[in-house]
Amino acid sequence: MKKYVILFLCIASFATAQTPIKKWSGLINGGGQRIEIILNLQQDSTNTLKSFWDIPIQKTKGLPSTKTEWDGDLLTIEIKQLGVTFTGRVTPDGQKMEGAWGQAGSRFPLILEPYVEGKIWPVIVKPQTPKVPFPYVSEDFVYQGVKTKLKYGATLTYPKDTLRHPLLILISGSGAQDRDETLFDHKPFAVIADYFTKNGFAVMRVDDRSIGKSNGIYAASTSADFALDVEEHLNYAKKLPQIDSTKMGLVGHSEGGLIAPMVAARNASVSFIVLMAAPGVDITELMASQNELVLKSVGISKEAIQAYLPLYRQLMLEIKAAPTKYEAIEKATIVVQNWYANTDKALVKLTTNLSSESQIKTFVLPFVDALSSKWSKYFVSYRPAPVLEKVAVPVLAMNGANDIQVPAEMNLNGIKEALKAGKNKNFTIRGFAGMNHLFQKCKICNVGEYGHLETTIEPEVLDFMKEWLEKLLK
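Per our numbering, the very first residue in the sequence shown carries number 469; after that it's consecutive.
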């Protein structure tokens with residue numbers, strides 16, 4: 469799902485009202501990068517607590533918070549001009565602050581540790597990342613789309629022989645990504661390409677618009693535009709001598725699994741699709757469930773989550789229906805005001821960090837901003853079922869049972885019911901126990917864990933895909 473930039477709203481909670489450690493640092497995984505963030509806590513001559521932020525990679529130093537105050541064991545920090553969230557609890561030994569940061573109502577894990585000058589953050593080795601020399605042909609190239617007129621940077625891998633091979637075109641998840649779908653030092657698409665090329669397939673992976681060697685404006689595009697890109701890739705690839713044009717399929721991950729059915733439903737060149745953690749229910753409901761699981765993963769109580777979700781759903785509906793951003797802000801403000809007035813203030817604080825009506829606009833503005841882009845408006849209004857019902861080619865839909873970004877049970881069931889409604893005769897639905905959104909075996913199973921795991925994609929997932937494809941294409 470969507471990637472996030474550093475700093476949006478910051479809150480932190482501590483196990484004790486005071487800590488001797490005044491400087492903390494940690495890494496945020498954002499947009500495929502690991503970004504160090506440093507929190508400085510200071511007391512002035514009147515014992516008033518203040519906080520400042522450093523972000524070395526962005527050359528930001530001493531960014532002041534507009535509010536830093538204790539409330540029991542809760543430390544609340546706000547940077548009003550950015551509108552920002554971090555919630556963290558100090559471990560009993562005082563050497564770690566386990567928490568999360570968020571944007572527009574969503575929270576993502578962040579662990580802070582006592583700051584060490586010149587600390588080199590360890591890089592978790594990703595042993596599955598392919599390394600040269602490859603036992604197959606790997607060609608990097610740029611081509612121009614016929615209809616979009618865009619230039620696309622791509623890599624095609626295929627076996628070292630003179631045969632024509634089945635083709636997999638890989639489609640990345642949301643957020644502008646490179647051809648390897650690089651996430652938290654993992655390169656999932658490079659791993660998929662390596663595995664399947666070694667097993668007799670050709671694989672094409674492409675930089676998203678405005679990334680790498682591709683041009684275009686990603687921020688001004690929607691999932692429908694990305695579907696046009698995929699059709700350009702199909703039309704280009706089917707003319708290549710290495711490709712069996714009767715056996716071309718799409719492999720879509722996350723939002724890519726929403727785009728693949730769009731193309732397959734209308735383009736006769738597609739012979740099959742593989743959906744990896746793909747949306748299967750209306751996106752508004754998917755995002756509400758995602759928020760529920762993410763909040764749960766950072767320790768928010770069930771009572772607080774159940775109080776918050778109706779607000780989240782109503783905000784989504786109002787904002788996507790509003791014809792202008794101004795009207796979205798006005799309607800969202802009224803929704804939050806009504807919810808605030810009728811909800812236990814302790815629960816309000818836990819999920820939104822609101823402690824007074826005067827702060828509502830600070831909460832609403834980044835929420836509306838996050839849902840006002842061209843991509844967001846299209847995405848949150850999307851209904852996968854009507855498109856899936858039109859897909860007649862074979863479908864393999866897979867998900868990790870512990871996925872908190874695209875919850876497995878509801879979305880796999882949604883895909884299954886839509887394909888049945890469309891009378892598709894050849895589909896396989898498979899959930900993988902103990903795996904997350906990236907198909908890694910996980911322990912904590914939150915977003916922050918992705919980069920701490922060595923495995924990029926569990927081998928059993930790749931093996932299952934291969935067996936399904938070989939049986940289909942024999």
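Heads up, the beta-carbon is just placed ideally off N, CA and C, and yes, glycines get one too.
- Note that the C-beta distance between Ser640 and Gly724 is below 8 Å.
- Taking C-alpha positions only, Leu783 is separated from Ala800 by approximately 6 Å.
- Between Thr625 and Ala695, the C-beta spacing is not below 8 Å.
- Under DSSP, Tyr850 shares a beta bridge with no residue.
- Assignment of beta-bridge partners to Leu580 by DSSP yields Gly494 and Met565.
- By the 16-neighbour rule on beta-carbons within 10 angstroms, Phe895 is buried.
- Burial state of Trp589 is exposed, judged by a 10 Å Cβ sphere holding fewer than 16 other Cβ atoms.
- A straight line joining the alpha-carbon of Thr665 with that of Pro709 spans about 16 Å.
- Shown here for Pro598: same chain residues with a beta carbon closer than 6 Å to its own, the five before and five after excluded, namely Ala658 and Asp662 in chain order.
- Measuring C-alpha to C-alpha distances from Arg647 to each of Arg632, Val614 and Gly720 identifies Gly720 as the nearest.
- Counting along the chain, the unbroken beta strand (DSSP E) around Leu636 starts and ends at His633 to Ile639.
- Classified as exposed, Asn881 has fewer than 16 neighbouring CB atoms from the shown chains inside 10 Å of its CB.
- DSSP places Thr665 in no beta strand (DSSP E) but in the uninterrupted alpha helix (DSSP H) bounded by Pro656 to Lys666.
- If you check the CB distance, Ile897 and Ile660 do not come in under 8 Å.
- By the criterion of at least three beta-carbon pairs nearer than 8 Å, the stretch 855-870 is in contact with the stretch 740-757.
- A residue is called buried when at least 16 other Cβ atoms come within 10 angstroms of its Cβ; Tyr780 meets this threshold and is buried.
- Counting of Cβ neighbours within 10 angstroms places Phe907 among the buried residues, the total reaching 16 or more.
- Contact annotation: Ala745 and Asp931 have beta-carbon atoms that are not nearer than 8 Å.
- Here the C-alpha atom of Gln612 lies approximately 25 Å from the C-alpha atom of Tyr604.
- In this model, Lys817 and Glu857 are separated by some 42 Å (Cα to Cα).
- Runs of the alpha helix (DSSP H) spanning 4 or more residues and lying entirely within the stretch 777-840 occur at 793-809, 813-820 and 828-838, in chain order.
- In the DSSP assignment, Pro524 falls outside any beta strand (DSSP E) and carries neither an H nor an E.
- The straight-line gap separating the alpha-carbon atoms of Leu785 and Thr752 is approximately 8 Å.
- Note: Leu940 is not bridge-paired with any residue in the DSSP secondary-structure output.
- Non-local beta-carbon contacts of Ile773 in its own chain, meaning distances under 6 Å to residues more than five positions away in sequence, involve Glu760 and Leu763 in chain order.
- Looking at the DSSP output, Gly868 sits in a beta bridge with Phe900.
- DSSP assignment within the stretch 668-724 yields the following whole alpha helix (DSSP H) runs of 4 residues or more, N-terminal first: 691-705.
- CA-to-CA, the gap between Leu635 and Lys707 works out to about 12 Å.
- The C-alpha of Lys942 lies about 15 Å from the C-alpha of Leu631.
- A residue is called buried when at least 16 other Cβ atoms come within 10 angstroms of its Cβ; Asn914 meets this threshold and is buried.
- At a Cβ-Cβ threshold of 8 Å, Ile592 and Glu922 count as neighbours.
- Excluding sequence positions up to five before and after Lys888, its CB lies less than 6 Å from no other CB in the same chain.
- Here Asp629 carries a coil assignment [DSSP, helix/strand/coil].
- Taken through DSSP and simplified to helix, strand or coil, Asp931 comes out as helix.
- Of the residues assessed, Pro729 falls on the buried side of the cut-off, its CB having 16 or more other CB atoms within 10 angstroms.
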